[in-house]
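Student: Next up is a structure, given as structure tokens.
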Amino acid sequence: MPLIDIFNDRYEHIGIEDKKKAHHAGHWHRTFSALALHPEHQRVYLQKKAPGRYSFDRPDYADITVGGHYHAGETIPEGIREVHEELGLPITHADLHPIGLRQTAVTLAPDYIEREFQHWHLLPLDVDLEAIPFADAEVTGLVELDLSDAIRLADGGTSTVPARYATRTDHGVTYTESTLTRSELVPNYLALDQLYLRLFLAAQRYCAGQRRHLFW
Numbered sequence: 001m002p003l004i005d006i007f008n009d010r011y012e013h014i015g016i017e018d019k020k021k022a023h024h025a026g027h028w029h030r031t032f033s034a035l036a037l038h039p040e041h042q043r044v045y046l047q048k049k050a051p052g053r054y055s056f057d058r059p060d061y062a063d064i065t066v067g068g069h070y071h072a073g074e075t076i077p078e079g080i081r082e083v084h085e086e087l088g089l090p091i092t093h094a095d096l097h098p099i100g101l102r103q104t105a106v107t108l109a110p111d112y113i114e115r116e117f118q119h120w121h122l123l124p125l126d127v128d129l130e131a132i133p134f135a136d137a138e139v140t141g142l143v144e145l146d147l148s149d150a151i152r153l154a155d156g157g158t159s160t161v162p163a164r165y166a167t168r169t170d171h172g173v174t175y176t177e178s179t180l181t182r183s184e185l186v187p188n189y190l191a192l193d194q195l196y197l198r199l200f201l202a203a204q205r206y207c208a209g210q211r212r213h214l215f216w
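FYI, the UniProt record's numbering numbers position 55 of the sequence shown as 55, with every residue one higher than the one before it.
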């Protein structure tokens with residue numbers, strides 16, 4: 001397990017800890033997150049993670065496109081490493097559009113307490129689904145949605161929307177047309193602060209040309 005920086009609840013650095021131990025003890029730490037979108041086509045991409053990566057049962061949700069922990073000593077711009085690892089794209093930090101900091105705390109299992117300062121970004125990509133390598137073993141697939149459909153799904157206006165899937169198999173990557181249901185979204189991101197909806201609305205405003213004061 002990598003070492004990560006840990007903080008108090010005021011985001012003041014207090015030390016370094018093994019990531020697994022930090023979650024077990026409920027230490028505050030920081031993460032990098034990004035929602036990828038295709039501004040011209042007004043599409044968003046969600047991620048399917050490989051099973052068995054957590055100590056608790058986690059269904060096959062369609063998660064936010066990129067997310068991971070900062071290693072100990074990494075600067076905020078160095079979080080771009082997560083995009084390289086999970087999507088396999090040569091993105092620089094300057095390509096990101098930062099949209100704010102989310103401080104969140106939730107107990108997902110007795111040995112997995114998530115207390116995080118999440119640095120959120122929009123990740124504009126002028127590439128089609130077929131051009132995203134997603135070479136990391138922890139990513140089993142991507143889901144592409146029309147942005148207006150994604151908003152309706154997150155808002156509860158519909159329970160099912162059309163979707164395109166890129167799925168890794170033993171023989172490569174397959175591309176299929178299917179649907180995504182509201183029950184396949186991470187429940188915590190639908191409740192409380194409605195993270196999915198707020199991110200999708202931020203993406204919509206970005207596609208409309210808004211760049212300043214664009215917070216999730």
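Glycine included, C-beta positions come from ideal geometry on N, C-alpha and C.
From residue 8 to residue 211, what distance separates their C-alpha atoms?
Tutor: As a first step, residue 8 must be located in the sequence shown, where it is residue number 8. As a first step, residue 211 must be located in the sequence shown, where it is residue number 211. So the two alpha carbons sit approximately 32 Å from each other.
Student: Please report the distance separating the alpha-carbon of residue 73 from that of residue 162.
Tutor: As a first step, residue 73 is located in the sequence shown; it is residue number 73 there, counting from the start. As a first step, residue 162 is located in the sequence shown; it is residue number 162 there, counting from the start. Roughly 42 Å between the two C-alpha positions.
Student: Considering only residues of the UniProt domain "Nudix hydrolase" (27-167), which uninterrupted alpha helix (DSSP H) runs meet the minimum length of 4 residues and lie entirely inside it, listed in chain order?
Tutor: 81-87, 147-155
Student: Would you identify the three-state DSSP class for residue 217, choosing helix, strand or coil?
Tutor: With the chain running from 1 to 216 in the structure shown, residue 217 is simply not present.
Student: Taking the beta strand (DSSP E) that residue 13 falls in, what are its first and last residues?
Tutor: For this step, residue 13 is matched to residue 13 along the sequence shown. Where residue 13 is concerned, the enclosing beta strand (DSSP E) stretches over 13-18.
Student: For residue 93, which of 75, 105, 110, 104 has the nearest alpha-carbon?
Tutor: By one-based count along the sequence shown, residue 93 stands at place 93. The candidate whose alpha carbon is nearest that of residue 93 is 75.
Student: Using only CA atoms, which one of 85, 145, 34, 12 lies nearest to residue 181?
Tutor: Here residue 181 is taken as the residue at index 181 of the sequence shown, counted from 1. It is 145.
Student: Counting C-beta neighbours from all protein chains within 10 Å, is the total for residue 63 16 or more, i.e. buried, or is it exposed?
Tutor: As a first step, residue 63 must be located in the sequence shown, where it is residue number 63. Classification of residue 63: buried, given that the 10 Å Cβ count is 16 or more.
Student: Grab the span of the alpha helix (DSSP H) containing residue 195 for me, first residue to last.
Tutor: Residue 195 sits at position 195 when you count from the first residue of the sequence shown. Start and end: 195-207.
Student: Any heavy atom of the ligand SAH closer than 8 Å to the Cβ of residue 30?
Tutor: In terms of ligand content, the structure shown is empty, and the ligand SAH therefore cannot be addressed.
Student: Identify which residue in 185, 165, 170, 187 has its Cα closest to the Cα of residue 286.
Tutor: Outside the modelled stretch of the chain, which goes from 1 to 216, sits residue 286, for which no answer is possible.
Student: Could you compute how far the alpha carbon of residue 140 sits from the alpha carbon of residue 130?
Tutor: If you number the sequence shown from 1, residue 140 lands on position 140. If you number the sequence shown from 1, residue 130 lands on position 130. Near 14 Å, if we compare the C-alpha coordinates of residue 130 and residue 140.
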